[in-house]
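A quick write-up on the structure given underneath.
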Amino acid sequence: MSGAHRRARTDARRRTSRALTGAAATALVTVAAVVWTDQTTTRGDDTAVPVLEVNAAQAPRSSPGLGPETRPPDVRTDPTSQARTAPAALPTPLVARLPEVGSGEFLVAAGLGPVTGAGVLMTYTVEVEREVPVEQDAAARVVDRVLTDPRGWTATGAHALARVETSSDIRVLLATPETTDALCAPLDTGGRLSCRNGDLVVLNAWRWFNGAPAYADSLRDYRSYLISHEVGHALGNSHVACPGPGRPAPVMMQQTKGLGDCVANPWPTP
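According to the numbering used here, the residues represented by the sequence shown are 9 to 278, in order.
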C-alpha cells in the first residue's frame with residue numbers, strides 16, 4: 009500500500025471516531041434531559057404528595073391581594089362553618105414547603121362536567137391558588153369524584169351538580185392558609201380550618217395535604233369528607249352532632265375537630 013493510501017485511511021478512521029464521540033455525547037445529554045423531566049412533571053393528585061413543591065421563601069409575606077373576584081361583596085357570618093373552636097391535635101405536616109401565604113390569584117380548572125343527580129341544579133367551579141402545588145385539573149378530578157359519587161349529595165334527590173368554568177353557583181377554592189383566613193373572615197379559621205362563606209367553599213390546602221386525626225389512615229377519605237362537608241353547607245345543611253356510640257359520624261359533623269363516640273364517615277349517604 010502506498011504512503012498516500014495509508015494516510016487517507018488514517019484520516020478516515022479519525023473522522024469516524026470524532027463523529028461517534030459526538031453522537032455519544034448528544035445521546036447522553038438527551039437521556040439526562042429525559043430523566044430530569046420525568047422527576048419534575050408529577051404534581052398533586054388524590055393519593056400522593058406532589059414532587060414539585062413551592063418554596064416558602066418565595067411566597068409573598070404581605071397580606072394577599074383580595075379583590076372583588078376573590079371575595080364576595082356580601083361576606084356574612086355563617087353559623088354552620090367548621091370555624092368555631094380550636095381543632096383537635098394536628099398531624100405532622102407532609103408538605104414542608106406549602107406556603108402559608110399566597111397571592112390570592114386563583115386558576116380555574118378547564119372543562120365542563122356532566123350533570124349528576126336530580127333536583128335543583130347547582131353549578132360549581134374548581135379553582136386553585138397559584139402558590140398551592142396542585143394543578144387545578146388534578147384538584148378538579150378529586151372534587152368531581154366526590155361530588156358525583158353515588159354516596160354523595162346527589163344521592164339525596166334534592167340537588168343536581170355540574171362543574172362549569174364561569175358564572176357558577178359555588179366556587180370551590182383550594183387556598184393557602186392565610187388566604188383561607190382572609191376569604192373566610194369574619195369566621196376564625198386559624199390557618200388550619202376550612203369554611204363556606206357566601207358562594208365560596210374554601211378548602212385549606214394545609215388540610216388537603218395533611219388531613220386530620222380522624223382520618224389518619226386515609227388522606228383520600230379525608231378529602232372526600234372535607235369536600236362533602238363544606239359543599240354540604242353551600243347546599244343549605246347545618247352542623248349536627250354524633251348520633252351515638254359506634255355510629256357513623258354524619259358528614260355534617262365537624263369531624264376535623266374530632267369524632268366523639270362516632271366512627272369516621274366521609275359521605276352524606278353511606
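Don't be surprised by glycine CBs; every beta carbon is placed ideally from N, CA and C. The structure presented is a predicted model; accordingly, all values stated were derived computationally and were not measured.
Below 8 Å on the Cβ atoms is my guess for residue i versus residue j; work out the distance and round it to an integer in Å.
i      : j      : result
HIS247 : GLN263 : The pair is not a contact, with the Cβ atoms about 11 Å apart (cut-off 8 Å).
MET130 : ASP207 : 10 Å between Cβ atoms; not a contact.
GLU135 : LEU115 : 6 Å
TYR132 : ARG171 : 6 Å
ALA118 : ASP145 : 7 Å
THR188 : THR197 : 6 Å
In whole angstroms, what is the alpha-carbon distance linking residue i and residue j?
i      : j      : result
THR174 : SER202 : 23 Å
THR48  : ARG255 : Residue placement at THR48 cannot be trusted, given a pLDDT of 28 that sits under 50; what the coordinates show is reported in the next sentence. Distance between the alpha carbons of THR48 and ARG255: 44 Å.
ARG149 : GLY112 : 22 Å
LEU191 : ALA242 : 15 Å
CYS270 : PRO258 : 9 Å
VAL209 : GLU238 : 6 Å
PRO274 : ALA222 : 11 Å
ASN212 : ILE235 : 11 Å
GLY252 : GLY266 : 14 Å
GLN66  : VAL140 : Only weak support exists for where GLN66 lies, its pLDDT of 32 falling under 50; the coordinates are left without a value.
THR277 : ARG153 : 15 Å
ALA220 : TYR230 : 7 Å
ASP225 : TRP216 : 14 Å
VAL151 : GLY268 : 27 Å
PRO194 : GLY240 : 20 Å
LEU227 : ALA163 : 23 Å
If distances are taken between C-alpha atoms only, which option among the options comes closest to residue i?
i      : options                        : result
ALA147 : VAL172, ALA166, GLY199, VAL180 : VAL180
ASN218 : TYR132, GLY199, CYS270, LEU120 : GLY199
THR124 : ALA118, ARG105, ASP157         : ASP157
GLU142 : PRO107, ALA163, GLY121, GLY268 : As written in the sequence, residue 142 is Val, which differs from the Glu given in the question. If we check each option's Cα against that of VAL142, PRO107 comes out closest.
GLY165 : GLY110, VAL128, VAL239, GLY268 : VAL128
ALA249 : ARG231, ASP145, ALA272, PRO221 : ALA272
PRO185 : PRO251, PRO194, TRP214         : TRP214
ASN245 : ASP189, ARG231, TRP161, TRP216 : TRP161
TYR233 : VAL172, ALA126, MET260         : MET260
ARG204 : ALA163, ALA224, ASP225, LEU182 : LEU182
ALA168 : ASP145, ARG138, GLY121         : GLY121
GLU137 : VAL151, ALA193, GLY119, VAL109 : VAL109
(Q) Runs of 4 residues minimum, wholly inside the segment 164-212: which ones carry the alpha helix (DSSP H) assignment? (A) 185-192
Q. Counting only runs that start and end within the segment 204-270, where is the beta strand (DSSP E) found for 3 or more residues in a row?
A. 208-212
Task: Start-end ranges of the alpha helix (DSSP H) lying completely within the segment 120-157, minimum 4 residues - done: Runs of alpha helix (DSSP H) with 4 or more residues, each lying fully within the segment 120-157, are found at 144-155, listed in chain order.
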